[in-house]
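Take my numbering: the last position of the sequence shown gets the number 335, and nothing is skipped along the way. Using N, Cα and C, we set each Cβ at its ideal position, and we do this for glycine too. No experiment lies behind these values; they were computed from the predicted model shown.
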Amino acid sequence: MQIRYGTRTVRYANGGNAGDPSDPGVVLLHGSGMNRTVWQLQTRFFAHHGYRVAALDLPGHGGSDGPPLVSIEQMGDWVAEMVSVLDIGPAHLVGHSMGTYIALEAAKRHPEAVRSLVLLGTAAAMPVHPALLESTRDNIPHAGGLMTSWGYSNRAHVGHHASPGFWLLGGSQALIEVSPDGALAADMAACNSYGGALDAAASVACPVSVILGSDDKMTPLRSAQELLAAFDPPASAPAVSVTVLDGVGHMIPLEDPERARSCIAEALATADRSLAPDNRD
55 MQIRYGTRTV RYANGGNAGD PSDPGVVLLH GSGMNRTVWQ LQTRFFAHHG YRVAALDLPG
115 HGGSDGPPLV SIEQMGDWVA EMVSVLDIGP AHLVGHSMGT YIALEAAKRH PEAVRSLVLL
175 GTAAAMPVHP ALLESTRDNI PHAGGLMTSW GYSNRAHVGH HASPGFWLLG GSQALIEVSP
235 DGALAADMAA CNSYGGALDA AASVACPVSV ILGSDDKMTP LRSAQELLAA FDPPASAPAV
295 SVTVLDGVGH MIPLEDPERA RSCIAEALAT ADRSLAPDNR D
């Protein structure tokens with residue numbers, strides 16, 4: 055699917071079903087150098103289970119016109135605009151990696167656009183090694199290989215995907231290699247310079263669920279603890295839910311799509327129940 059926003063095309067996936075206008079919206083946000091296809095094993099499920107889905111290509115990624123946005127704050131504003139343009143708000147924002155920061159900023163800056171947050175593979179900060187920053191800036195081919203190698207658990211390096219013959223590392227590296235020029239470099243720089251996660255978390259008033267991988271090398275479990283402590287939900291909201299997927303690395307939606315989908319579904323259902331009129335003050 056695509057829409058025109060100003061003079062630019064925005065590409066998104068709706069899971070093959072536009073849904074009913076009364077269904078809650080779900081916006082899925084990809085990580086650095088990626089695009090909407092990282093959610094392909096989740097979009098169709100949610101689109102056919104009572105949600106209006108939009109897995110977005112950020113500007114300058116996938117099929118969306120560029121250039122890439124250069125800060126997490128800009129990305130958060132853009133996502134809130136897309137929620138309005140697509141008329142699916144307030145929407146559940148489901149983000150992976152960099153997408154978790156985008157979701158946090160959108161919730162902080164545009165709370166009226168956000169129904170709940172589901173954050174996969176997140177941390178208080180996401181510093182990027184200077185060598186990787188330089189490699190992405192200079193468009194050196196091995197940058198994607200470095201990123202994908204660290205993005206998956208050791209188990210995923212030797213197979214074990216639900217789809218026979220599917221090579222996770224090779225598929226992810228190819229996805230990065232075909233991304234528009236400058237996309238990965240802009241994303242890495244934005245993640246590296248972003249320092250607002252704790253402030254954003256403290257401001258969030260909607261339901262929040264966090265999904266982490268026990269074998270995540272890019273945002274290790276310990277690096278998420280400060281962020282989790284920063285959330286201060288109001289009494290009317292449920293406590294922040296935290297799920298750790300055993301044996302899974304950073305690329306949660308791709309490495310273990312079934313468990314990721316199950317956890318996201320439970321998070322959305324819990325949020326919807328808490329926001330039902332009978333449960334609100």
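Taking Trp204 as the centre and dropping the five residues before and after it, the same chain places the C-beta of Lys271, Met272 closer than 6 Å to its C-beta, in chain order. Note on Arg90: 16 or more other CB atoms within 10 angstroms of its CB, so buried under the neighbour-count rule.
Exclusion of the five residues before and after Tyr248 leaves Ile126, Tyr155 as the residues of its chain whose Cβ lies within less than 6 Å of its Cβ.
In the DSSP secondary-structure assignment, Ala254 is not bridged to any residue. CA-to-CA, the gap between Ser295 and Pro181 works out to about 25 Å. Of all alpha-carbon atoms in Ala210, Ala177, Asn71, Met136, the one lying nearest the alpha-carbon of Glu309 is that of Ala210. For Arg191, no beta strand (DSSP E) segment is defined; the enclosing uninterrupted segment is the alpha helix (DSSP H) at 184-191. In the structure shown, Ser233 falls within a coil segment according to DSSP collapsed to helix, strand and coil. When C-alpha distances from Arg315 are compared across Phe285, Gly149, Pro144, the shortest belongs to Gly149. Just so you know, the alpha carbons of Gly60 and Asp131 end up roughly 15 Å apart.
For the options Arg58, Ala67, Val64, Ala101, the alpha carbon positioned closest to that of Asp74 is the one of Ala101. The DSSP-derived three-state label of Gly79 is strand.
Secondary structure remark: continuous beta strand (DSSP E) runs of at least 3 residues inside the region 125-152, in chain order: 145-150.
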